[in-house]
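In full-length UniProt numbering, the protein residues as written are 1 to 182.
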C-alpha cells in the first residue's frame, strides 16, 4: 500500500493533489474507509479557501481529485455511486461558492447536471410508474428510486447556473416526479 493513506490529515491541498496524481496511486489498494478518508480530507482542504487558488493549482487539484476518485473506484468498485456522488457534491459546492469558470473544469455546473443525468438507473417514465407504489417494490427497485433522489440533490442548488443548459429539460422531467420518490 506504500503509505498513500498515511498522514492524510497533515497534508495541505497541494500535497493531496501531488499524492493522488502520483503514478503509484493508480494501482493502490485499500479499504473503502481508507479511500473515503482520503476523499474527505482532500475535499476538506479544497473547501478551506478555494477562492485563493491559482490557475496552476486548479489544474493540479482537478487532476488529483479525478485520479483519487478513479483509483478509489478501481480499488473498491462503485460503492453504490459513492465516488460519483462525492464528485457531484464537491463540484456543486464549488460552483455555488465560486460560480462558473470556463478554464476550471471543477467549476463547471454542467458537469454536475450531466453526471447526475447520465447515472440515472432508469428513465423518468419508468421511475414515475414505480414511484406510485414504491412501498410494494422489492429492495433493488426501492434503492434505484432512492438513488434518483440522491442524484438530483447536488443539481438543485445550481438551477440558476443551468437554466440554459441543453439538458436542463431532462432534469425538470426528473424533478416533476422527485416528490413521489422514497
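The beta carbon of each residue, even a glycine, is placed where N, CA and C say it ideally should be.
Here the structure is a predicted model, which means the values were calculated and not measured.
Of the residues 163, 13, 82, 35, the one placed nearest residue 52, counting alpha carbons only: Looking up residue 52 in the chain shown gives position 52. Of the listed residues, the one whose Cα sits closest to residue 52 is 13.
Bounding residues of the alpha helix (DSSP H) (the contiguous stretch that carries residue 92): Here residue 92 corresponds to residue number 92 of the chain shown, with the count starting at 1. Per DSSP, residue 92 belongs to the alpha helix (DSSP H) from 82–98.
Flag this pair as touching only if the stretch 111–122 and the stretch 162–170 have three or more C-beta atom pairs under 8 Å; answer yes or no. Inter-segment contact for the stretch 111–122 and the stretch 162–170 is present: three or more beta-carbon pairs are separated by less than 8 Å.
Shortest alpha-carbon distance to residue 29 belongs to which of 75, 125, 45, 96? By one-based count along the chain shown, residue 29 stands at place 29. Closest by alpha carbon: 75.
If you measure between the beta carbons of residue 8 and residue 37, is that distance less than 8 Å? As a first step, residue 8 must be located in the chain shown, where it is residue number 8. As a first step, residue 37 must be located in the chain shown, where it is residue number 37. Against a cut-off of 8 Å, the Cβ pair of residue 37 and residue 8 comes out as a contact.
Looking at residue 116: is its Cβ nearer than 8 Å to the Cβ of residue 78? What you label residue 116 is simply residue 116 of the chain shown in a count that begins at 1. What you label residue 78 is simply residue 78 of the chain shown in a count that begins at 1. No, they are not a contact pair.
Residue 172 (DSSP reduced to helix, strand or coil): As a first step, residue 172 is located in the chain shown; it is residue number 172 there, counting from the start. Reduced to three states, the DSSP call for residue 172 is helix.
Between which residues of its own chain and residue 167 is the CB-CB distance below 7 Å, once the five residues before and five after are set aside? The residue you call residue 167 lines up with position 167 of the chain shown. Within the same chain, 113, 114, 117 come within 7 Å of residue 167 by CB-CB distance, once the 5 residues on both sides are set aside.
Of the residues 133, 146, 57, the one placed nearest residue 122, counting alpha carbons only: Working through the chain shown from its first residue, we reach residue 122 at position 122. Relative to residue 122, the option among 133, 146, 57 whose CA is nearest is 146.
Could you give the distance in angstroms between the alpha-carbon of residue 151 and the alpha-carbon of residue 171? Residue 151 sits at position 151 when you count from the first residue of the chain shown. Residue 171 sits at position 171 when you count from the first residue of the chain shown. The alpha-carbon atoms of residue 151 and residue 171 are separated by roughly 10 Å.
Can you tell which of 17, 130, 141, 126 has the C-alpha that lies nearest to the C-alpha of residue 44? Working through the chain shown from its first residue, we reach residue 44 at position 44. Of the listed residues, the one whose Cα sits closest to residue 44 is 17.
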